[in-house]
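**Q** The structure under discussion is supplied below as structure tokens; questions concerning it will follow.
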Amino acid sequence: MSTKYEIKYKSFNDIKSNMDKYNLSPIEIILIDESKRSKLPEHKIIEKFEHILEVMKDSINQKAKDDRFHVSVDMAEKYSNRTKSFFSPLVQDIILSALSTSVNNACMHRIVSAPTGGASGVMPGVLVPIIKFYKFDDDIAIKALLIGAAIGNVIKNLATLSGAEGGCQAEIGSASAMTAGAVAYLFQGDITTVESASSIALKNMLGLTCDPVAGLVEIPCIKRNAMGALNALLAVDLSLSGIKTTIPLDEVILAMKDIGDKMDSTLKETGLGGLAATETGKKLLKNLEKSHNR
Amino acid sequence: MSLFDIIGPVMIGPSSSHTCGAAKIGYFSRLLLGEEPKKAIIELHGSFATTGKGHGTDLAILAGILGIKWDNEKLTDSKRIAIQKGLNYRFKNTVLKNVHPNSARIYLYGNNFTVNIIGSSIGGGDIKIPFINNFNLDVDIKKSSIIMFYDDVPGIIAKTTGLIAKKKINIAYLRSARSSSSGKAMMFIATDMKIDTETMKQLNEIKHVKWVRVLRSIYEY
Numbered sequence: 001m002s003t004k005y006e007i008k009y010k011s012f013n014d015i016k017s018n019m020d021k022y023n024l025s026p027i028e029i030i031l032i033d034e035s036k037r038s039k040l041p042e043h044k045i046i047e048k049f050e051h052i053l054e055v056m057k058d059s060i061n062q063k064a065k066d067d068r069f070h071v072s073v074d075m076a077e078k079y080s081n082r083t084k085s086f087f088s089p090l091v092q093d094i095i096l097s098a099l100s101t102s103v104n105n106a107c108m109h110r111i112v113s114a115p116t117g118g119a120s121g122v123m124p125g126v127l128v129p130i131i132k133f134y135k136f137d138d139d140i141a142i143k144a145l146l147i148g149a150a151i152g153n154v155i156k157n158l159a160t161l162s163g164a165e166g167g168c169q170a171e172i173g174s175a176s177a178m179t180a181g182a183v184a185y186l187f188q189g190d191i192t193t194v195e196s197a198s199s200i201a202l203k204n205m206l207g208l209t210c211d212p213v214a215g216l217v218e219i220p221c222i223k224r225n226a227m228g229a230l231n232a233l234l235a236v237d238l239s240l241s242g243i244k245t246t247i248p249l250d251e252v253i254l255a256m257k258d259i260g261d262k263m264d265s266t267l268k269e270t271g272l273g274g275l276a277a278t279e280t281g282k283k284l285l286k287n288l289e290k291s292h293n294r
Numbered sequence: 001m002s003l004f005d006i007i008g009p010v011m012i013g014p015s016s017s018h019t020c021g022a023a024k025i026g027y028f029s030r031l032l033l034g035e036e037p038k039k040a041i042i043e044l045h046g047s048f049a050t051t052g053k054g055h056g057t058d059l060a061i062l063a064g065i066l067g068i069k070w071d072n073e074k075l076t077d078s079k080r081i082a083i084q085k086g087l088n089y090r091f092k093n094t095v096l097k098n099v100h101p102n103s104a105r106i107y108l109y110g111n112n113f114t115v116n117i118i119g120s121s122i123g124g125g126d127i128k129i130p131f132i133n134n135f136n137l138d139v140d141i142k143k144s145s146i147i148m149f150y151d152d153v154p155g156i157i158a159k160t161t162g163l164i165a166k167k168k169i170n171i172a173y174l175r176s177a178r179s180s181s182s183g184k185a186m187m188f189i190a191t192d193m194k195i196d197t198e199t200m201k202q203l204n205e206i207k208h209v210k211w212v213r214v215l216r217s218i219y220e221y
């Protein structure tokens, strides 16, 4: 069916206007466009996303035995032993899954970059426990992933997904926005609810810098994945209650780009400012260099 | 940009640029050598040299050279596997001119061939290969492609494209580069379709052609 339509999207508004123009669902628009991009038939695209979902499900399991600084490796284990949490069992599972995936990433295990390795805990951290808890089948979960991926694609088109270019807002912020849109879709959110969820999530993350200790994806990245996951949940909860975003998603993304462009380069993955430049941060870097030279 | 670059690649952590992209660069060098490597010299440039160790950049490049892909958990074990397979490897830091900050130069030696490449990891696990055997070809690994090394004599490009045209394979674009000192040249041909082994054999038989490699799009590995 892809030859029939002149479909191409750069912004979220493009997706919406294509939906109106051709009377198609967002998933149809996304698949037609992706089929042109990757030169794959639609069933192949779905097949590849099935694999991605499988890896996501596997990546939330605690696997890590070692890490660079020896301060993060037991983080997931510690949290799983917390008995009197403020959060419901589902939300606790989400926090734990985001932490575990992120620790696995730091310790060189297999994850799905979503949209980066540093932010890889947010999406599976939220989606996998929710799919399990509410018993969504894989077909709908894959559609939710497609929605999330398309939002990421829009962010990439209008701004950036890289911490070196846009700070942490472009990584954890984007992951949180992609996840919020995906989860809103799972709960039968229409396109404006999806947009609100995604937009609220990204707005809450604007301004975040990328200043990890020693330039490694660990401090503060792992804990920030848990925050990105919780923030996505908050945004979905608000949007499903009928609260709308005042600023459209495309404009929030452009605001993120503006903020990223104005952000000092010492705060964009250079290891020169912020947390990386703290006394403890510098000490950890020195210890790491010593252990490498050994 | 495909959606598989947004959610994906499936990779070994921690860094899409310093780990996944690094493994892809190593893997590409192996494909280009076209046989089991016996010796590898790996030079790390820029941020690969300064923060590479903490991201496992060295393990990832070596894994790629050994044919271990960026989504394989064996990646972290590449140094041991290299010794087991008898691959003699050496790392050093270097400074390369006019390349992306996340770059490496790899010299690979097999029983029959030697190649060297400069590969750059340009973000999100995406890579570029600006140089092969010192020829500036700027290879795009997202395309099916043919890479050829040949004597710089008249008619090679015509013979090659003629043969490809006969097979009804459309050329997306073609780049060639030459070295006046060695009298050799290289060609990179991006094609819209995959190249069959018969075509590859015939390309190999063209007089003055030293070697031919046929590569699939990186999405297919």
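Line by line, the protein sequences give chains A and B.
Per the UniProt record's numbering, residue 1 is the first one in the first sequence, and the count goes up by one each step.
Per the UniProt record's numbering, residue 1 is the first one in the second sequence, and the count goes up by one each step.
For each residue, glycine too, the CB sits at the ideal point set by N, CA and C.
Mind the definition here: the region 24-35 of chain A touches the region 71-91 of chain A only if three or more C-beta pairs lie below 8 Å; say whether that holds.
**A** With a cut-off of 8 Å, the region 71-91 of chain A and the region 24-35 of chain A do not count as touching, because too few Cβ pairs lie within range.
**Q** Since Gly-21 (chain B) and Ser-145 (chain B) should fall inside the 8 Å C-beta cutoff, what is the C-beta to C-beta distance between them, to a whole number of angstroms?
**A** About 19 Å separates the two Cβ atoms, so there is no contact after all.
**Q** From Leu-284 (chain A) to Gln-62 (chain A), what distance separates their C-alpha atoms?
**A** 25 Å
**Q** Would Ile-111 (chain A) count as contacting chain B if we go by Cβ distances under 8 Å?
**A** yes
**Q** Give the C-beta separation of Ile-6 (chain B) and Pro-26 (chain A) to the nearest angstrom, bearing in mind that I take them to be a contact with Cβ-Cβ under 8 Å.
**A** Going by Cβ atoms, the distance from Ile-6 (chain B) to Pro-26 (chain A) rounds to 15 Å, so no, they are not a contact pair.
**Q** Is it buried or exposed, Val-112 (chain A), if we count other Cβ atoms within 10 angstroms and call 16 or more buried?
**A** A residue is called buried when at least 16 other Cβ atoms come within 10 angstroms of its Cβ; Val-112 (chain A) meets this threshold and is buried.
**Q** Taking C-alpha atoms, which residue in B:Asp-192, B:Ala-104 and B:Pro-130 lies nearest to Ala-40 (chain B)?
**A** B:Ala-104
**Q** Put Ile-22 (chain A) into one of helix, strand or coil per three-state DSSP.
**A** The sequence given here places Tyr at residue 22 (chain A); Ile does not occur at that position. It is helical.
**Q** Is there a C-beta anywhere in chain A that falls below 8 Å from the one on Pro-14 (chain B)?
**A** yes
**Q** Residues of chain A with CB closer than 7 Å to the CB of residue 249 (chain B), please, in chain order.
**A** Any question about residue 249 (chain B) goes unanswered here, given that chain B covers just 1 to 221.
**Q** Ends of the beta strand (DSSP E) at Asn-136 (chain B)?
**A** 135-139
**Q** Distance cutoff 8 Å, beta carbons only. Does Lys-53 (chain B) sit that close to anything in chain A?
**A** yes
**Q** Could you give the distance in angstroms between the alpha-carbon of Asn-133 (chain B) and the alpha-carbon of Val-115 (chain B)?
**A** For Asn-133 (chain B) and Val-115 (chain B), the distance between alpha carbons rounds to 6 Å.
**Q** Please name the residues in the region 134-146 of chain A whose beta-carbon is closer than 8 Å to at least one beta-carbon of chain B, in chain order.
**A** Leu-145 and Leu-146
**Q** Quick one, are the C-beta atoms of Ile-15 (chain A) and Ala-150 (chain A) less than 8 Å apart?
**A** yes
**Q** Along chain A, in chain order, which residues have C-beta atoms closer than 8 Å to that of Glu-73 (chain B)?
**A** Ordered by position in chain A, the residues that pass the 8 Å Cβ test against Glu-73 (chain B) are His-109 and Arg-110.
**Q** Classify Asp-126 (chain B): buried if its beta carbon has 16 or more other beta carbons within 10 angstroms, exposed otherwise.
**A** buried
**Q** Let me confirm a value: Pro-37 (chain B) is counted as buried when at least 16 other C-beta atoms fall within 10 Å, else exposed. Which label applies?
**A** buried
**Q** Evaluate the contact criterion for the region 152-164 of chain B versus the region 134-143 of chain B: three or more CB pairs, one atom per stretch, below 8 Å.
**A** These segments do not touch.
**Q** Please list the partners that Ile-52 (chain A) has in chain B, where partner means a Cβ-to-Cβ separation under 7 Å.
**A** Ile-7, Gly-8 and Val-10
**Q** Can you name the residues of chain B whose CB is closer than 7 Å to the CB of Val-55 (chain A)?
**A** Simply Val-10.
**Q** Quick one: is Gln-84 (chain B) buried, meaning 16 or more other Cβ sit within 10 Å of its Cβ, or exposed?
**A** exposed
**Q** So that I know if they touch, is there some Cβ in chain B lying closer than 8 Å to that of Asn-61 (chain A)?
**A** For Asn-61 (chain A), not one C-beta of chain B is nearer than 8 Å to its own C-beta.
**Q** How about Ala-182 (chain A) and Gly-148 (chain A): are their beta carbons less than 8 Å apart?
**A** yes
**Q** For the region 87-160 of chain B, which segments carrying the beta strand (DSSP E) assignment without a break, of at least 3 residues, lie completely within its bounds, in sequence order?
**A** 88-94, 102-109, 114-123, 126-132, 135-139 and 144-151
**Q** Note down the Cα distance separating Phe-49 (chain A) from Ser-179 (chain B), rounded to an integer number of angstroms.
**A** 45 Å
**Q** Should Ile-206 (chain B) and Lys-159 (chain B) be called a contact, given that it needs their Cβ atoms to be closer than 8 Å?
**A** yes
**Q** Am I right that Thr-57 (chain B) and Thr-94 (chain B) are in contact with their C-beta atoms under 8 Å? What's the rounded C-beta distance?
**A** Their Cβ separation, rounded to whole angstroms, is 13 Å, which puts Thr-57 (chain B) and Thr-94 (chain B) out of contact at 8 Å.
**Q** So what does DSSP say about residue 315 (chain A), is it helix, strand or coil?
**A** Absent from the structure is residue 315 (chain A), since the part of chain A shown begins at 1 and ends at 294.
**Q** Would you list, in sequence order, the uninterrupted alpha helix (DSSP H) runs of no fewer than 4 residues that lie entirely inside the region 112-200 of chain A?
**A** 122-134, 138-158, 163-166 and 172-186
**Q** Could you check where the beta strand (DSSP E) with residue 224 (chain B) kicks off and where it finishes?
**A** Lying before the first or after the last residue shown, residue 224 (chain B) is absent from chain B, which here runs from 1 to 221.
**Q** Report all residues from its chain with a CB closer than 7 Å to the CB of Phe-136 (chain A); omit the five preceding and five following residues, and keep chain order.
**A** Leu-186
**Q** Below 8 Å, can you find three or more Cβ-Cβ pairs linking the region 105-114 of chain B to the region 182-189 of chain B?
**A** no
**Q** What does the alpha-carbon distance come out to for the pair Glu-38 (chain A) and Lys-290 (chain A)?
**A** Per the sequence presented here, residue 38 (chain A) reads as Ser, with Glu not at that position. Straight-line Cα distance between these residues: approximately 44 Å.
**Q** Can you give the Cα-Cα distance for Asp-211 (chain A) and His-55 (chain B), rounded to whole angstroms?
**A** Cα to Cα, Asp-211 (chain A) sits roughly 16 Å from His-55 (chain B).
**Q** Output needed in chain order: residues of the region 185-210 of chain B with a Cβ under 9 Å from some Cβ in chain A.
**A** Against chain A - using a Cβ distance shorter than 9 Å - the residues of the region 185-210 of chain B are Asp-192.
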